Structures are given as C-alpha cells and as structure tokens.
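Visitor: Take any residue in the sequence shown, count from 1 to its spot, add 45: that is its number in my numbering.
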Amino acid sequence: LSDGPTKDYPDKMMLFGQLVGDWVIDYHAYLQDGSNITAKCEWHWRWGLDGRAVVDSFICPSRGERLKPEAPKREWGITVRYYDPTTDAWRIAFVGPVYNHLDVLTARKVNDDIVLEGKNADESLNRWIFSEITRRSFHWRGFKSSDHGKTWSLLEEMFVHRL
Numbered sequence: 046l047s048d049g050p051t052k053d054y055p056d057k058m059m060l061f062g063q064l065v066g067d068w069v070i071d072y073h074a075y076l077q078d079g080s081n082i083t084a085k086c087e088w089h090w091r092w093g094l095d096g097r098a099v100v101d102s103f104i105c106p107s108r109g110e111r112l113k114p115e116a117p118k119r120e121w122g123i124t125v126r127y128y129d130p131t132t133d134a135w136r137i138a139f140v141g142p143v144y145n146h147l148d149v150l151t152a153r154k155v156n157d158d159i160v161l162e163g164k165n166a167d168e169s170l171n172r173w174i175f176s177e178i179t180r181r182s183f184h185w186r187g188f189k190s191s192d193h194g195k196t197w198s199l200l201e202e203m204f205v206h207r208l
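Below, the structure written as structure tokens:
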C-alpha cells in the first residue's frame with residue numbers, strides 16, 4: 046500500500062483516487078429469471094504499488110451480513126487499477142474467486158462518468174459505469190452484452206456511500 050498517488054501524474058491518478066476510502070453499499074443483482082438479490086456490502090479502496098495503482102477489496106455481503114442465515118451468496122473480490130500513460134486510459138483487473146471471475150477492463154472518463162469496458166472469454170462484453178460521483182457517494186452499474194454491444198442488460202447496481 047502507498048500513502049498517495051505517484052508524483053509522475055498525480056492528476057490522472059485522481060480519476061479513481063477520488064474513491065480511496067471506505068464505503069458501504071446497497072447492492073442489487075438482477076437475475077435472468079427476473080428475480081432480484083439485495084445485500085448490504087462494503088468496499089475498501091487504497092493507494093497501491095508505490096502510488097501507481099488504486100486497489101480495492103469488494104466484500105458482498107458485508108462481513109457482518111454474511112453471518113446471517115438469509116445472506117445471499119455474492120462475491121468477495123480484489124481489483125487493481127493502474128493508469129497507463131501510453132494510452133491515457135486505465136487498465137483494470139478484477140479477481141472474484143466465488144464465481145471464478147477474472148475481468149480485464151479498460152477505463153476512461155466519459156463526461157462526468159467513469160466507464161470501464163472489457164470482453165469475457167465467451168466473447169460477451171462488460172460495461173461498468175461509475176456515475177453521480179460526489180465526495181460522499183456514487184452510483185455503480187454493471188452491464189453485459191451478448192450481441193457485440195447492440196443491446197445491454199443491467200446485471201448489477203450499487204448505491205455507494207462513504208463511511
């Protein structure tokens with residue numbers, strides 16, 4: 046872990062650096078059968094790799110909630126995000142062992158949002174969007190396309206608030 050962003054491009058590091066801290070989440074998953082799953086989750090963001098990365102630990106359901114018998118099975122994961130000055134974009138790797146996920150994405154700022162895009166092993170596409178970002182909260186949505194981006198399905202949504 047690191048104390049702050051690299052001195053090489055500190056302004057660029059703040060795209061995700063603004064999220065460093067501890068967060069609570071109202072999580073919603075929208076399943077193919079039309080049912081929904083909700084959970085209280087937590088998200089911990091830190092500077093890493095000598096300030097050249099922003100890393101996070103995603104815990105869903107939260108440590109307190111997962112002990113309850115009715116807690117849904119969701120995901121615990123780790124993400125490493127680093128800025129690539131050669132492409133002026135962010136490279137991201139999310140590892141989620143519960144569902145054997147390894148998502149590799151590229152992120153850019155699009156207007157006031159942060160948009161991450163990637164391709165899965167089955168050729169489907171992922172799009173994750175951080176929006177409505179303030180110092181105290183943000184909205185996250187995860188979409189998937191199985192038709193090369195013609196249509197997108199909302200799979201997950203999170204309403205996130207800083208502790």
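Ideal Cβ positions, reconstructed from N, Cα and C, are used throughout, including at glycine. No experiment lies behind these values; they were computed from the predicted model shown.
Nearest to residue 85 by alpha carbon, out of 120, 98 and 59?
Guide: Minimum Cα-Cα distance from residue 85 among the listed residues 120, 98 and 59 corresponds to 120.
Visitor: Are the CB atoms of residue 188 and residue 197 nearer to each other than 7 Å?
Guide: yes
Visitor: Would a C-beta distance cut-off of 7 Å place residue 58 and residue 128 closer than the cut-off?
Guide: yes
Visitor: So, does the region 87–98 touch the region 63–71, judging by three or more C-beta pairs under 8 Å?
Guide: yes
Visitor: Pick out whichever of 80, 133, 191 and 98 has its Cα sitting closest to the Cα of residue 166.
Guide: 191
Visitor: As a quick exercise: from 194, 77 and 154, pick the residue whose alpha carbon is nearest that of residue 201.
Guide: The residue among 194, 77 and 154 with its C-alpha nearest the C-alpha of residue 201 is 77.
Visitor: Pick helix, strand or coil for residue 147, following the three-state DSSP scheme.
Guide: strand
Visitor: Which same chain residues, not among the five before or five after residue 130, have their C-beta less than 7 Å away from its C-beta?
Guide: 54
Visitor: For residue 171 and residue 113, I'd like the C-alpha separation in whole angstroms.
Guide: 31 Å
Visitor: Might you give, ordered along the chain, the residues of its own chain that have their beta carbon closer than 8 Å to the beta carbon of residue 199, omitting 5 neighbours on each side?
Guide: 75, 186, 187 and 188
Visitor: Which class does residue 60 belong to by DSSP, given the choice of helix, strand or coil?
Guide: helix
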